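So the number in this note's numbering is just where the residue sits in the sequence shown, counting from 1, plus 202.
Worksheet: one structure, shown below.
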Amino acid sequence: MRVLTNVSLQELTTFRLGGVARFFCSVTSLEELRDALAYARTRGLPFFILGKGSNVLFSDDGFDGLVIRINIRGRHYEEDSKGDARVTAGAGELWDDLVAETVSQGLWGMENLSAIPGTVGAVPVQNVGAYGVEVRDLIDWVEVLDTKENTLHIFSVADCEFGYRESIFKRPEGQQYIVTRVAFRLSTYPIPKLSYRDLAAYFENTDTGRLTPKEVSDAVRTIRNRKLPDVTEVGTAGSFFKNPVVPEQVYKELTRWFEYLPAHPHGEGMYKLSAAYLLEQFGWKGRRGEHVGCWDTQPLCLVHYGDGSTSELIAFANTIIEDVKERTTIILEPEVRCIDVELRSV
Ligand code: EPU
């Protein structure tokens with residue numbers, strides 16, 4: 203394990219923003235991860251666990267500690283007699299490589315979560331979701347290293363306390379755990395989930411009884427390409443805000459002004475509203491600051507066009523938060539993990 207100093211966080215994150223990591227290392231095994239933690243501990247440094255940096259935003263002041271990139275690899279398949287398959291992958295595997303491999307083997311489960319950047323270790327942290335599927339629906343267990351006790355544990359789905367883009371790993375009580383491996387349950391029997399509006403429209407004239415997971419995966423890739431920026435071309439971390447969850451009364455009030463506001467029931471008496479729709483109504487779609495802006499085809503996705511700064515992005519995000527709050531009383535919350543960065547209204 204080699205520790206580097208003053209490594210640019212712009213090189214390590216898909217937003218391509220942030221100052222420098224005072225110390226940085228990449229670990230390829232559990233032993234190296236333990237060494238890295240010992241390095242931080244003996245020097246009294248805070249540490250930050252990074253995958254591919256596709257859902258984080260670091261401050262322009264950088265990170266005054268050790269950034270540890272998890273590069274623990276390994277994929278392992280098991281099939282049982284009932285047609286279920288279990289795939290176990292190291293936290294450093296690329297999520298989309300795993301998706302592509304499973305769908306090309308005819309396994310059902312991950313196809314709706316195609317083309318999402320990032321690593322396997324990151325998916326349980328924010329309970330990644332897209333096109334009507336959340337990763338908690340597929341997870342069997344999550345292996346974690348408890349950094350306080352230096353012990354390995356297997357977390358069940360219940361232990362992970364998943365919510366909408368939420369898990370124990372995002373909350374203060376989960377900060378002592380580092381995801382090292384994840385096991386997923388997949389199926390050899392067809393279980394297409396095509397009810398999400400964009401997917402249903404895509405397959406409108408198709409005999410969906412004969413679909414393969416690869417065909418569904420390709421459809422998701424096409425839909426995403428139409429809407430979302432390519433992270434290799436423009437700085438972004440996907441949706442910057444969560445879709446707000448509000449009481450039914452607030453939703454009903456809003457429909458007086460926005461008749462077509464997309465909304466989904468989200469637990470008792472609550473509705474999850476489309477933030478993208480609201481942002482479009484308020485004129486944010488395609489709006490640009492100097493180096494940052496709202497993406498042309500999906501305003502929930504904030505982008506960095508280059509040569510910008512985290513403070514510029516945050517100022518832009520704060521203007522959106524203020525605008526939405528003034529018009530609707532709703533306070534948008536970040537979906538992206540903001541490290542040492544304060545959003546004004548949250
Ligand atoms: N919409 C508009 N205007 C737009 C774009 C969308 O009005 O410019 C409306 C449409 O009615 C559309 C609805 O908003 O049907 C929902 O849009 P979309 O399908 O893009 O989904 P989203 O709710 O905005 C969420 C996730 C995305 C995920 C998509 C697809 C969050 C915060 N975002 O976005 O995840 O890809 O659903 O399932 O939940 C991410 O987390 O980084 C991410 C990209």
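We put the beta carbon where it would ideally sit given N, CA and C, even for glycine.
Computed from a prediction, not measured in an experiment: that's the story for all the values here.
Where the alpha helix (DSSP H) through residue i begins and ends
i: PHE518; result: 512-530
i: ARG428; result: 415-429
i: TYR453; result: 450-459
i: PRO326; result: 325-328
i: LEU504; result: No alpha helix (DSSP H) holds LEU504; the beta strand (DSSP E) holding it covers 503-506.
i: VAL301; result: 297-306
i: TYR241; result: 232-244
i: ASP498; result: Unbroken run through ASP498: none, as it is neither H nor E.
i: ASP400; result: 399-404
Beta-carbon proximity check, residue i vs residue j, cutoff 9 Å
i: ALA385; j: ARG288; result: yes
i: ALA478; j: LYS444; result: no
i: GLU544; j: PRO446; result: no
i: THR590; j: GLU281; result: Only positions 203 to 548 of the chain appear in this structure, which leaves residue 590 out of reach.
i: VAL381; j: VAL448; result: no
i: VAL436; j: VAL538; result: no
i: ILE318; j: ALA332; result: yes
i: ARG546; j: ILE532; result: no
i: SER316; j: ASP420; result: yes
i: ALA302; j: THR321; result: no
i: GLY253; j: ILE272; result: yes
i: ASN329; j: LYS395; result: no
i: ILE393; j: GLY311; result: yes
i: ARG383; j: GLU345; result: yes
i: GLY264; j: LEU300; result: no
i: THR438; j: TRP497; result: yes
Separation of residue j from residue i, as counted between CA atoms
i: GLN500; j: THR410; result: 28 Å
i: LEU480; j: CYS227; result: 41 Å
i: GLY485; j: THR434; result: 27 Å
i: THR304; j: GLY323; result: 17 Å
i: HIS146; j: LEU259; result: Here the chain has residues from 203 to 548 only, and residue 146 is not among them.
i: LEU354; j: GLY376; result: 14 Å
i: LEU347; j: ASP286; result: 27 Å
i: ILE356; j: VAL325; result: 16 Å
i: ASP266; j: GLY221; result: 10 Å
i: THR512; j: ARG412; result: 47 Å
i: THR230; j: LYS350; result: 21 Å
i: LEU232; j: ALA242; result: 15 Å
i: VAL548; j: PHE371; result: In this predicted model, VAL548 has a pLDDT of only 44, less than 50, meaning its place in the structure is not dependable; the value taken from the coordinates is given anyway. So the two alpha carbons sit approximately 20 Å from each other.
i: ASN399; j: GLU406; result: The sequence given here has Arg at residue 399, not Asn. One C-alpha to the other measures close to 10 Å.
i: THR207; j: ALA223; result: 7 Å
i: TYR507; j: GLY495; result: 8 Å
i: PHE250; j: GLU528; result: 35 Å
i: GLN451; j: LEU268; result: 46 Å
i: ALA403; j: SER397; result: 9 Å
i: ARG218; j: ILE516; result: 14 Å
i: GLU514; j: HIS278; result: 43 Å
i: ASP339; j: GLY440; result: 21 Å
i: SER306; j: GLU295; result: 17 Å
i: THR408; j: LEU388; result: 24 Å
i: ASN520; j: CYS503; result: 14 Å
i: ARG490; j: LEU401; result: 29 Å
i: TYR379; j: TRP343; result: 14 Å
i: TYR462; j: ASN352; result: 52 Å
i: TYR473; j: PHE460; result: 15 Å
i: ALA360; j: SER369; result: 10 Å
i: ARG428; j: THR457; result: 28 Å
i: THR530; j: TYR453; result: 10 Å
i: GLY488; j: GLU417; result: 31 Å
i: ASP298; j: LEU214; result: 18 Å
Below-9 Å beta-carbon distance, residue i vs any chain C residue
i: GLU336; result: No chain C appears in this structure, which consists of one protein chain only.
Where residue i falls, given that 16 or more other Cβ within 10 Å makes a residue buried
i: ILE270; result: buried
i: GLY570; result: Missing from the structure shown is residue 570; the chain here goes from 203 to 548 and no further.
i: GLU470; result: exposed
i: GLU492; result: exposed
i: THR216; result: buried
i: ARG367; result: buried
i: ALA238; result: buried
i: ALA240; result: exposed
i: SER358; result: exposed
Extent of the continuous beta strand (DSSP E) to which residue i belongs
i: TYR473; result: 472-475
i: ARG539; result: 539-541
i: SER228; result: 222-229
i: ASP286; result: 286-292
i: TRP343; result: 341-348
i: LEU354; result: 353-357
i: ASN208; result: 206-210
i: GLY267; result: 265-272
i: PHE386; result: 379-389
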